[in-house]
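Report on the structure given below.
Numbering (the numbering used here), first residue to last: 81 to 438.
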């Protein structure tokens, strides 16, 4: 059956039904499959062997506008990421967080936080502060998480000077209700995504693979929606099961590397002009190298926090690699400020030397 998938991929006859079947198909030799995909892309089609690796670190911190608080306390984040962010639940703390970034020569920051019961990250309350900050720091890149949003809120966000919105496009009603603890519909996510685009914001959609308790369910629907108006970049992230006292929630399954890598191949078919990124939020461990390598062979252009093994492999395979000390959604005009390698081939940011990924 894998040979049939390969043949359809090569003859450009791979359709949505094939994509759905591929996602459910099980096999013991995925390595050979992805290697052949890579061989066809890079040897037969002569596609460019170019990669961008990202390690945010201290040069690209995250800021929580709600501190450690989140009204949802959902199974996706479980508030565990908030405590590692710069705390900014008040105007004074928010200003201090931005000043901290400047004082530590950060190239940018992610403005995020917990959600309200309406699925919103309350960034708009700091609109005037953001506007003033961006006027004074035009080369500082601001990414954001906003959650569900109306058109008027999106317009306000655009006016604040936010550079990018990273938006989770969740199109599974069961996930919305049972994992995110929200009483909303699929249409609310589509309307929010459209509102951001209509407001003129740069929007980078994120698709959470395995959101339904670690199982593949409605992720393909998001790719279908995006294929109608292809984005410049699509980021795939993976569900990390919540843990209590170190024990994984038994209602969840661990994602396999092939289940994530398949989405890069599918997206390469239906979103041929879209850059693809393996985002920072994903299960890591003994299968990290397989996931990263298979994703690259299938079409990934960006990898966040690659393992040392992946970097070594990419060099051996003669990929042209660029390194950035920022998140993977940073646009090209900000890249010169985020390059992690200088003209001599040395790392610009000493703290990166202590990170195992490099």
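Even for Gly, the Cβ is constructed at its ideal location relative to N, Cα and C.
None of the values given here were measured: they were computed from a predicted structure.
**Q.** 7 Å Cβ shell around residue 231 - same chain, five flanking residues per side excluded
**A.** Here residue 231 corresponds to residue number 151 of the chain shown, with the count starting at 1. Excluding sequence neighbours, residue 231 sits near 275, 278, 279.
Q) DSSP state of residue 330, grouped into three classes? A) To locate residue 330, count along the chain shown from 1; it is residue 250. DSSP places residue 330 in coil when its eight states are reduced to three.
**Q.** Endpoints, the beta strand (DSSP E) within which residue 416 is located
**A.** As a working mapping, residue 416 is identified with position 336 in the chain shown. For residue 416, there is no enclosing beta strand (DSSP E); the residue is part of the alpha helix (DSSP H) that begins and ends at 415 to 418.
Q | Distance between residue 233 and residue 437 (C-alpha atoms, nearest Å) | A | On the chain shown, position 357 is the one that residue 437 refers to. On the chain shown, position 153 is the one that residue 233 refers to. Here the model assigns residue 437 a pLDDT of 34, short of 50, so the residue's position is not dependable and the matter cannot be decided.
(Q) Which residues does DSSP list as the beta-bridge partners of residue 400? (A) Taking the chain shown and counting its residues from 1, the one referred to as residue 400 is at position 320. Bridge partners of residue 400 according to DSSP: 130.
Q) Along the chain, which unbroken stretches of the beta strand (DSSP E) at least 3 residues long are found entirely within the stretch 145 to 171? A) Within the stretch 145 to 171, no beta strand (DSSP E) run of at least 3 residues lies entirely inside it.
Q. Hey, is the stretch 245 to 256 in contact with the stretch 221 to 228, meaning 3+ C-beta pairs nearer than 8 Å?
A. Between the stretch 245 to 256 and the stretch 221 to 228, the count of C-beta pairs closer than 8 Å reaches three or more; the two stretches touch.
Q | CB contact flag (residue 187, residue 139, <9 Å) | A | Locating residue 187 in the chain shown gives position 107, where the first residue counts as 1. Locating residue 139 in the chain shown gives position 59, where the first residue counts as 1. Going by C-beta atoms, residue 187 is nearer than 9 Å to residue 139.
Q.
Using a Cβ distance threshold of 8 Å, determine whether the stretch 408 to 421 contacts the stretch 177 to 193, with at least three qualifying pairs required.
A. Result yes; three or more Cβ-Cβ pairs closer than 8 Å.
Q.
Can you give me the C-alpha to C-alpha distance between residue 86 and residue 101, rounded to a whole angstrom?
A. As a working mapping, residue 86 is identified with position 6 in the chain shown. As a working mapping, residue 101 is identified with position 21 in the chain shown. Computed Cα separation, rounded: 13 Å.
Q) From residue 120 to residue 291, what distance separates their C-alpha atoms? A) One-based indexing of the chain shown puts residue 120 at position 40. One-based indexing of the chain shown puts residue 291 at position 211. Taken atom to atom, the span from the alpha-carbon of residue 120 to that of residue 291 is near 31 Å.
Q: Entirely within the stretch 274 to 315 and at least 4 residues each: give me those alpha helix (DSSP H) ranges in chain order.
A: Listed in chain order, they are 299 to 307.
Q. Going by alpha carbons, who is nearest to residue 394 out of 413, 337, 374, 409?
A. Along the chain shown, one-based indexing puts residue 394 at 314. For residue 394, the nearest C-alpha among the options comes from 374.
Q.
Per the DSSP calculation, residue 381 is bridged to which residue(s)?
A. Residue 381 sits at position 301 when you count from the first residue of the chain shown. The partner list for residue 381 (beta bridge, DSSP) is empty, contrary to what the question assumes.
Q | As assigned by DSSP and simplified to three states, the class of residue 224 | A | Sequence index remark: in the chain shown, residue 224 carries index 144 (1-based). Note: residue 224 maps to strand in three-state DSSP.
Q. Expressed to the nearest angstrom, what Euclidean distance is found between the alpha-carbon atoms of residue 175 and residue 237?
A. Taking the chain shown and counting its residues from 1, one reaches residue 175 at position 95. Taking the chain shown and counting its residues from 1, one reaches residue 237 at position 157. In a straight line, the C-alpha of residue 175 is about 17 Å away from that of residue 237.
Q. Looking at C-alpha atoms only, which residue of 235, 255, 194 is the closest neighbour of residue 227?
A. Within the chain shown, numbered from 1, the residue matching residue 227 stands at position 147. Residue 194 is the option with its Cα nearest to residue 227.
Q) Where does residue 431 land, buried or exposed, given buried means 16+ other C-beta within 10 angstroms? A) In the chain shown, the residue the question calls residue 431 occupies position 351. Residue placement at residue 431 is flagged as unreliable, the pLDDT there being 45, under the threshold of 50; the coordinate-derived value follows with that caveat. The residue is exposed, with fewer than 16 neighbouring Cβ atoms inside 10 Å.
Q. Got a sec? Which residues, its chain only, sit under 6 Å from residue 177 by beta carbon, not counting five neighbours each side?
A. Numbered from 1 along the chain shown, position 97 holds the residue referred to as residue 177. Within the same chain, residue 177 has close Cβ partners 143, 166, 168.
Q. When DSSP builds the beta bridges, which residues end up paired with residue 190?
A. As a first step, residue 190 is located in the chain shown; it is residue number 110 there, counting from the start. Answer by DSSP bridge pairing, in chain order: 142, 223.
Q: Determine the DSSP secondary structure at residue 118, reduced to helix, strand or coil.
A: Position 38 of the chain shown, counting from 1, holds the residue named residue 118. Assigned with DSSP and collapsed to three states, residue 118 falls in helix.
Q) Cα separation between residue 251 and residue 205? A) Looking up residue 251 in the chain shown gives position 171. Looking up residue 205 in the chain shown gives position 125. Taking the straight line joining both Cα atoms gives about 28 Å.
Q: Identify, in the order they occur along the chain, each residue of the same chain with its Cβ nearer than 7 Å to the Cβ of residue 88, setting aside the five sequence neighbours on each side.
A: Here the question's residue 88 lines up with position 8 in the chain shown. Non-local beta-carbon contacts of residue 88 in its own chain, meaning distances under 7 Å to residues more than five positions away in sequence, involve 94, 98 in chain order.
Q. Do you know whose CA, among 109, 81, 96, 83, lies nearest residue 337's CA?
A. The residue given as residue 337 occupies position 257 in the chain shown. Checking every option, the nearest Cα to that of residue 337 belongs to 109.
**Q.** Cβ neighbour criterion (16 or more within 10 Å) applied to residue 323
**A.** Stepping through the chain shown from its first residue, residue 323 is reached at position 243. Per the 10 Å Cβ criterion, exposed.
Q) Where residue 145 and residue 269 are concerned, what is the direct C-alpha to C-alpha distance, given to the nearest angstrom? A) Translated into positions along the chain shown, residue 145 becomes position 65. Translated into positions along the chain shown, residue 269 becomes position 189. Here the C-alpha atom of residue 145 lies approximately 22 Å from the C-alpha atom of residue 269.
Q.
Helix, strand or coil, according to DSSP, for residue 438 in the structure here?
A. By 1-based counting over the chain shown, the position of residue 438 is 358. With a pLDDT of only 29 at residue 438, under 50, the local geometry of the prediction cannot be trusted, and the value read off the model is given with reservation. DSSP places residue 438 outside both helix and strand once states are collapsed to three, so it counts as coil.
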